[in-house]
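A short write-up of the structure that comes next.
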Amino acid sequence: MQRQKTKLKITTFCALFWLFCGSGIAENLRDTIFAEADAVMAEAKQKKAYILSPVAYQKGSRLYKQADENLRKGKNLASIQRDLGKATEFLEKALEATKLANVTFASLIKAREDAKKAESLKYSAELWKEAEAKFIAAASKLEGGNVKAAKRIGAQAENIYRNAELSAIKGNYLNETKNLLARAERMKVYKLAPKTLEKAKLLLAKAEQALTENRYDIDLPRDLARQAKYEANHAIFLAKRLNRVREKQISMEELVLESEKPLIRIAGAADIVAELDKGYDKPTQEIIEYIERLQSQTRQQSQDIAEMESKLGSLASEQSALKKREKRRKQAERIERMFTRNEANVLRKGNDIILRLIGLNFASGKSEIEARNFTLLTKVQNAIRVFSSAKLVIEGHTDSFGSDTSNLVLSQKRAESVRKYLIANMNINRDSVSALGYGETRPVANNETPEGRRKNRRIDILIKPGL
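All the letters of the sequence shown, read from the start, carry residue numbers 800 to 1266 under the working numbering.
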């Protein structure tokens, strides 16, 4: 009886505390009690434990919500803390399980990300939900130790995600583009913008063909479909503008002058006078060069900031470290002067130097080095000679078009070709030069644009100088 009275008093006290304390104090109390659980919960969500380790995550999440609700109701603090302790244990268990799941379901995770990118939840909701349910079922089997069943169900989920992605691409791009083209026909766009309209039709046909021929290489058809949708909208826009001329709302001269205004405004923002008396080429090139200079400065500043942070973190050996960093900076500047901006970017990463060979081009699908690249590779050799006893890592990278496997193989072959070329033409130990192919996994630009894909198709040479 006495225990019941004591428990009642504690519960009443907690309720009164919650009722009469200010909201600020209540929030501080929650922050203190939930600090550890909040951190683990945030990490679990960030690492997608809700789908990679659903059993442990759901148990932890349920206890976490229960503790949160009980705290708001002013219930016993001891039981709230017990629930939080158990919740944290389950969430930490879930985090540990995600490590195995990331390895076991690597291709499944990529299929899910691709389906998400294609907006499958919007355009093929039923397939997306079915795939999510299968994924959770596969992850639950893995948590229970049944790896064989996990892989079997995971393969089913992957196939459904791919179907959802394909369906979404058709719904998002192909069907919408067909609707746009039908609208363009009704508007008789073919009379005013026939070339742009025809381009949209051609791109749409190519996208449909690409989807039919290789449904597992979605990147190319998705890009073609996106371009087709854009050109269909573009044709309609042009037709509307040109129709104003046909109906004599504005003159042809006024239309051209109006179209020049955006270029003039962009040039003005770059402090460039856009002189258009001889066409658009000169101001366009000046703006491009201005942007490239800004990008170069940004890269340089990022590297300087990284170096500064490194300096602040190593005060003990400040004198020696400063000398080494200053030496690396001068070496980097020296080799940077060897290349034009279209040949290579020179980047610093800690004590290492990265030569990003944007000017080294291979024939499509090939890994043989062509004679047109010899001049650039001679410059590369001179750059490497600036460093004594350096180790080299030749990295091959591709854009996202093509299958993951073929891109990985191609990037490795290209990296090997550069490695063999340097060993054959320089007096260096072959054991100090390695080659790694990363395929499409490390993009440096947007794969949705031709220029971005060009930047992603590259060879990076990582120079690791001796101490």
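Glycine included, each C-beta is placed from N, C-alpha and C at the ideal position.
Keep in mind it's a predicted model, so treat the numbers as computed, not measured.
Check: Just how far apart, CA to CA, sit Arg1147 and Leu1235?
Finding: 19 Å
Checklist line | Which listed residue (Ile1222, Ser1199 and Glu964) has its alpha carbon closest to that of Arg1257 | finding: Ser1199
Next item on the list: List the whole-angstrom C-beta distance separating Glu1030 from Lys998, where the pair is believed to meet the contact cut-off of C-beta under 8 Å.
Entry: 5 Å
Notebook entry, point to check: Does any heavy atom of the ligand COA sit closer than 7 Å to the C-beta of Lys1028?
Noted result: With respect to the ligand COA, the structure shown offers nothing to examine, as it has no ligands at all.
Next item on the list: Please determine, among Asn901, Ala1162, Asp830 and Ala1069, the residue with the shortest C-alpha to C-alpha distance to Glu1088.
Entry: Ala1069
Note to self: For Ile1262, report the span of its alpha helix (DSSP H) as first-last.
What the structure shows: Premise fails: Ile1262 lies in the beta strand (DSSP E), Arg1257 to Lys1263, not in any alpha helix (DSSP H).
Checklist line | Alpha-carbon to alpha-carbon, Leu1221 and Val946 | finding: 45 Å
Next item on the list: Determine the burial state of Thr831: buried for a count of at least 16 other Cβ atoms within 10 Å of its Cβ, exposed for fewer.
Entry: exposed
Note to self: Using DSSP's beta-bridge definition, name the partner residues of Lys749.
What the structure shows: Any property of residue 749 remains undetermined from this structure, which presents the chain solely from 800 to 1266.
Check: Nearest to Leu1041 by CA position, among Glu1085, Thr1011 and Pro993, is which residue?
Finding: Pro993
Check: Using 8 Å as the limit for Cβ to Cβ distance, is Leu979 near chain D?
Finding: The question asks about chain D, but that chain is absent: this structure has only one protein chain.
Margin query: For Asn827 and Lys915, I'd like the C-alpha separation in whole angstroms.
Written below: 38 Å
Next item on the list: Locate the beta strand (DSSP E) running through Ile1035, then write down its first and last residues.
Entry: Here Ile1035 belongs to no beta strand (DSSP E); instead the alpha helix (DSSP H) covers Asp1018 to Arg1045.
Item checked: Pick from Arg1025, Leu1075, Lys950 and Thr1011 that is closest to Asn971, judged by C-alpha positions -> Arg1025
Note to self: Give me, in chain order, the residues of the same chain whose beta-carbon lies closer than 8 Å to that of Ser966; leave out the 5 immediate sequence neighbours on both sides.
What the structure shows: Ser919, Tyr922, Ser923 and Leu926
Note to self: DSSP three-state label for Ala981, please.
What the structure shows: helix
Next item on the list: Use the C-beta contact count for Asn1141: other C-beta atoms within 10 angstroms, 16 or more gives buried, fewer gives exposed.
Entry: exposed
Note to self: Quick check for students: name the residue ranges of the beta strand (DSSP E) that lie wholly in the segment 897-922, counting only runs of 3 or more.
What the structure shows: none
Checklist line | Alpha carbon of Gln1096 to alpha carbon of Ala1131, nearest angstrom | finding: 14 Å
Check: Of the choices Leu996, Ala1009 and Ile1153, whose alpha-carbon is the least far from that of Asn1032?
Finding: Leu996
Notebook entry, point to check: Counting pairs of Cβ atoms below 8 Å between the segment 937-953 and the segment 845-863, do you hit three or more?
Noted result: yes
Note to self: Ile1035 and Ala983 - do their beta-carbons sit closer together than 8 Å?
What the structure shows: yes
Margin query: Which of the three DSSP states is assigned to Asn1150 in this structure?
Written below: coil
Next item on the list: In angstroms with no decimal places, state the Cα-to-Cα distance between Phe904 and Glu842.
Entry: 20 Å
Checklist line | Proximity winner among Asp1203, Thr887 and Gly1238, relative to Glu1194 (alpha-carbon distances) | finding: Gly1238
Notebook entry, point to check: Which ranges does the alpha helix (DSSP H) cover as unbroken runs of at least 4 residues, wholly within the segment 948-1004, from first to last along the chain?
Noted result: 974-985
Check: In whole angstroms, what separates the C-alpha of Ser1187 from that of Ile1262?
Finding: 10 Å
Check: Where Cys820 and Glu868 are concerned, what is the direct C-alpha to C-alpha distance, given to the nearest angstrom?
Finding: With a pLDDT of 48 at Cys820, under the threshold of 50, the modelled position of this residue cannot be trusted; read the value that follows with caution. Their Cα atoms are separated by approximately 18 Å.
Next item on the list: Quick one: using the 10 Å Cβ neighbour count with 16 as the cut-off for buried, is Glu1247 buried or exposed?
Entry: exposed
Note to self: Just verifying my parser: in three-state terms, what is the DSSP assignment at Arg1136?
What the structure shows: coil
Note to self: Could you pull the DSSP bridge partners for Asp1230 from this structure?
What the structure shows: Paired residues: none, contrary to the question.
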